[in-house]
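To convert, note that position 86 of the sequence shown is 86 in the UniProt record's numbering; the numbers rise steadily by one, no gaps. Have a look at the structure below before the remarks.
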Amino acid sequence: MLTLYSVSIILLIHMDCAFQSVSHMNVRNLSAINWDSTAIEFSWSPPDVPTPNDVFYEIYVNGNVYKQTNKTTIIIYDLKLSTKYKVNVKIVDENCKRYSPGITIEAMTAGIGYNVRDLRQVSMYDGGIQVSWWAPAYYDSEALQYEIYLNGHFNQITNITQAVINNLDKFTQYKVGVITVNEMGTRDPPGITIEATTFGFDE
Numbered sequence: 001m002l003t004l005y006s007v008s009i010i011l012l013i014h015m016d017c018a019f020q021s022v023s024h025m026n027v028r029n030l031s032a033i034n035w036d037s038t039a040i041e042f043s044w045s046p047p048d049v050p051t052p053n054d055v056f057y058e059i060y061v062n063g064n065v066y067k068q069t070n071k072t073t074i075i076i077y078d079l080k081l082s083t084k085y086k087v088n089v090k091i092v093d094e095n096c097k098r099y100s101p102g103i104t105i106e107a108m109t110a111g112i113g114y115n116v117r118d119l120r121q122v123s124m125y126d127g128g129i130q131v132s133w134w135a136p137a138y139y140d141s142e143a144l145q146y147e148i149y150l151n152g153h154f155n156q157i158t159n160i161t162q163a164v165i166n167n168l169d170k171f172t173q174y175k176v177g178v179i180t181v182n183e184m185g186t187r188d189p190p191g192i193t194i195e196a197t198t199f200g201f202d203e
């Protein structure tokens with residue numbers, strides 16, 4: 001689960017600053033520490049050698065400048081589902097000098113592992129059905145919500161792992177789908193769909 005917090009950003013002002021190749025001025029231990037289907041959080045350590053107090057870090061995603069920060073963590077948002085990205089971090093000093101090559105790693109956003117698990121019909125009513133499920137395996141958040149779809153149309157949203165759907169036709173089969181909505185309000189499709197059936201009493 002991503003823990004969201006403010007990231008201090010320093011605006012790119014002098015894009016014509018010089019690059020200098022100094023390997024010992026690379027960051028250390030760059031790694032992806034949290035991720036979901038649309039965002040990845042990275043962290044790193046400063047270089048071993050002493051650095052000026054005013055250094056900051058320039059982050060590249062697939063070769064393009066993403067942001068600059070004076071922190072040693074950053075969350076990269078608005079990524080695509082199940083996609084691999086190359087992320088590079090370079091040091092920039094107080095004179096706007098960039099130290100190449102920086103450090104690059106590859107990280108991949110999550111895919112269908114963020115679907116709910118074991119969706120099933122647990123009860124049927126006179127014109128109603130009840131379904132239940134387990135939370136996604138890789139989420140550990142009480143902020144999750146679940147959107148319920150009936151035959152492809154939105155029916156309701158809930159923050160518990162069960163739902164009752166009423167006002168249905170008797171003796172009818174329906175497709176019930178559940179999609180996770182994470183703490184950022186992002187839906188994690190495709191979700192899981194099952195078939196569920198109502199019953200009824202003769203009048």
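Built from N, CA and C at the ideal position, the CB exists for glycine as well.
In the three-state reduction of the DSSP assignment, Tyr114 falls in the helix class. For Met108, the enclosing beta strand (DSSP E) has its first and last residue at 98-108. DSSP lists Ala32, Ile74 as the beta-bridge partner residues of Phe42. A Cβ-Cβ separation of about 14 Å leaves Asn155 out of contact with Gly127 under the 8 Å criterion. Proximity of the region 64-71 to the region 31-40 falls short of the contact definition, fewer than three beta-carbon pairs being nearer than 8 Å.
For Thr193, the enclosing beta strand (DSSP E) has its first and last residue at 187-197. Contact between the region 93-111 and the region 157-173 is absent: fewer than 3 CB-CB pairs across the two stretches fall below 8 Å. DSSP places Met25 within a helical segment (H, G or I) once states are collapsed to three. Residues of the same chain with a CB within less than 6 Å of the CB of Thr186, apart from the 5 flanking positions on each side, are Thr38 in chain order.
Buried is the label assigned to Ile165, since at least 16 other Cβ atoms lie within 10 Å of its Cβ. Using a C-beta cut-off of 8 Å, the region 39-49 makes contact with the region 74-93, since at least three inter-stretch Cβ pairs fall below that distance.
Listed in chain order, the non-local C-beta contacts of Pro136 below 8 Å within the same chain comprise Gly113, Tyr114, Asn115, Val116, Arg117, Leu144, Thr180, Asp188, local neighbours out to five positions each way being set aside.
Look at Ala163 here: in three-state DSSP terms it is strand. Secondary structure at Gly128: strand, using DSSP grouped into helix, strand and coil. For Val55, no pairing in a beta bridge is given by DSSP. By the Cβ-count criterion, Gly152 is exposed, with fewer than 16 other Cβ atoms from all chains shown falling within 10 Å of its own Cβ. In the assembly as shown, Gly177 is a buried residue. Its beta-carbon has 16 or more other beta-carbons within 10 Å.
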